[in-house]
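Let me begin by presenting the structure, written as structure tokens, before commenting on it.
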Amino acid sequence: MQIHAASPAPRPDVTLGVSSSWREFGAGMAESRDSPDPAGHDSDGGSEELVLTPAQLIRSLEQAWLNEKFAPELLESKAEVVECVMEQLEHMESNLKRVKGVDLKVGIHRMEIERIRYVLSSYLRCRLGKIEKFFPHVLEKEKSRADGDPSILSPEEFAFAKEYMANTESYLKSVALKHMPPNLQKVDLLQAVPRPNLDSFVFLRVLERQENVLVEPEADEQREYTIDLEEGSQHLIRYKTIAPLVASGAVQLI
Numbered sequence: 447m448q449i450h451a452a453s454p455a456p457r458p459d460v461t462l463g464v465s466s467s468w469r470e471f472g473a474g475m476a477e478s479r480d481s482p483d484p485a486g487h488d489s490d491g492g493s494e495e496l497v498l499t500p501a502q503l504i505r506s507l508e509q510a511w512l513n514e515k516f517a518p519e520l521l522e523s524k525a526e527v528v529e530c531v532m533e534q535l536e537h538m539e540s541n542l543k544r545v546k547g548v549d550l551k552v553g554i555h556r557m558e559i560e561r562i563r564y565v566l567s568s569y570l571r572c573r574l575g576k577i578e579k580f581f582p583h584v585l586e587k588e589k590s591r592a593d594g595d596p597s598i599l600s601p602e603e604f605a606f607a608k609e610y611m612a613n614t615e616s617y618l619k620s621v622a623l624k625h626m627p628p629n630l631q632k633v634d635l636l637q638a639v640p641r642p643n644l645d646s647f648v649f650l651r652v653l654e655r656q657e658n659v660l661v662e663p664e665a666d667e668q669r670e671y672t673i674d675l676e677e678g679s680q681h682l683i684r685y686k687t688i689a690p691l692v693a694s695g696a697v698q699l700i
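If you read the sequence shown in our numbering, its first letter stands for residue 447, the second for the next number, and so on.
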């Protein structure tokens with residue numbers, strides 16, 4: 447799936463053009479499937495394109511950022527959203543450079559750019575931190591995923607994870623392992639590096655109503671039970687229970 451930011455026609459009262467405000471454009475998301483429309487698909491009809499307004503694009507980034515920040519494991523890569531946001535930021539900065547004189551709107555737009563840049567940087571730093579912390583498990587999960595499943599790593603993150611693992615192994619060998627007996631000169635990083643704690647508890651807000659969510663018992667004498675999650679409600683629950691709902695976008699970690 448390809449994600450693109452919609453470009454509504456500029457309004458006369460907006461000095462900076464179509465990307466000057468991320469939140470003032472109307473709602474609505476156009477999603478096209480199997481359509482001959484060249485704006486939404488390739489000529490062969492085999493691709494899928496999702497068109498978001500700038501406000502929706504930023505909401506997608508913020509949702510990905512909060513989920514990544516509070517989830518104990520590395521989540522699916524949102525490389526398309528990141529790339530689209532970066533393109534929009536470049537467009538906004540280009541428009542700002544063309545503005546002459548001092549205008550209050552310019553200062554407000556610069557503040558908004560910095561805010562978005564902070565969210566984007568924090569999201570990427572959070573992902574890199576998890577890759578460094580869980581690198582052997584991240585690579586193992588990426589290599590073992592089935593064809594058609596979404597990747598948890600962007601191409602750049604995958605290259606970083608492989609290089610980080612190679613550097614770690616090289617450092618361990620040069621500093622410690624080569625000085626040990628031959629039978630102890632190998633280390634299984636999958637066993638040595640801790641796994642993400644999927645049993646940790648997280649706060650969430652329900653975006654889409656969910657029925658019959660299976661909850662594991664907290665004690666041996668308890669049995670499994672199901673709960674309904676009402677839209678807009680907030681809960682404290684074990685991450686492993688709602689991990690699929692986070693991936694599908696039905697709930698938002700907070």
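The C-beta atom is built at its ideal place from N, Cα and C for all residues, glycine as well.
Run through DSSP, which three-state label would residue i get?
{"i": "Thr-499", "result": "coil"}
{"i": "Ile-562", "result": "helix"}
{"i": "Arg-505", "result": "helix"}
{"i": "Arg-669", "result": "coil"}
{"i": "Leu-630", "result": "helix"}
{"i": "Leu-570", "result": "helix"}
{"i": "Leu-585", "result": "helix"}
Give me, in chain order, the residues of the same chain whose beta-carbon lies closer than 8 Å to that of residue i; leave out the 5 immediate sequence neighbours on both sides.
{"i": "Ala-605", "result": "none"}
Tell me the residue span of the beta strand (DSSP E) that contains residue i.
{"i": "His-681", "result": "680-684"}
{"i": "Asn-658", "result": "656-661"}
{"i": "Val-527", "result": "Element bounds for Val-527: not the beta strand (DSSP E) but the alpha helix (DSSP H), 525-543."}
{"i": "Leu-650", "result": "647-652"}
Going along the chain, which residues of its own chain have a beta-carbon closer than 6 Å to the beta-carbon of residue i, five neighbours each way excluded?
{"i": "Arg-651", "result": "Gln-680, Gln-698 and Ile-700"}
{"i": "Asn-658", "result": "Thr-672"}
{"i": "Phe-471", "result": "Below a pLDDT of 50, predicted positions are generally treated as unreliable, and Phe-471, at 32, falls in that range; no measurement from the model is reported."}
{"i": "Ser-597", "result": "Ser-523"}
{"i": "Glu-519", "result": "Pro-642"}
Within the same chain, show all residues whose beta-carbon is closer than 7 Å to that of residue i, passing over the 5 residues directly before and after it, in chain order.
{"i": "Glu-654", "result": "Glu-677 and Ala-696"}
{"i": "Glu-578", "result": "Tyr-610"}
The alpha helix (DSSP H) with residue i in it runs from where to where?
{"i": "Leu-699", "result": "Segment 697-699 is the beta strand (DSSP E) holding Leu-699; no alpha helix (DSSP H) there."}
{"i": "Ala-592", "result": "That residue, Ala-592, is in no alpha helix (DSSP H); it is neither H nor E in DSSP."}
Please report the Cβ distance between residue i and residue j, rounded to the nearest whole angstrom; I am assuming they are in contact, meaning their Cβ atoms lie under 8 Å.
{"i": "Thr-687", "j": "Glu-662", "result": "6 Å"}
{"i": "Phe-581", "j": "Ala-612", "result": "That pair is no contact at about 10 Å."}
**Message:** Whether or not the region 511-518 and the region 685-693 are in contact is what I'm after, with contact meaning three or more pairs of Cβ atoms, one per stretch, closer than 8 Å; do they touch?
**Reply:** yes
**Cβ contact (3+ pairs, closer than 8 Å) linking the region 540-559 and the region 524-532** = no
**Prompt:** Should the region 500-511 be regarded as contacting the region 560-577, the criterion being three or more beta carbon pairs within less than 8 Å?
**Reply:** yes
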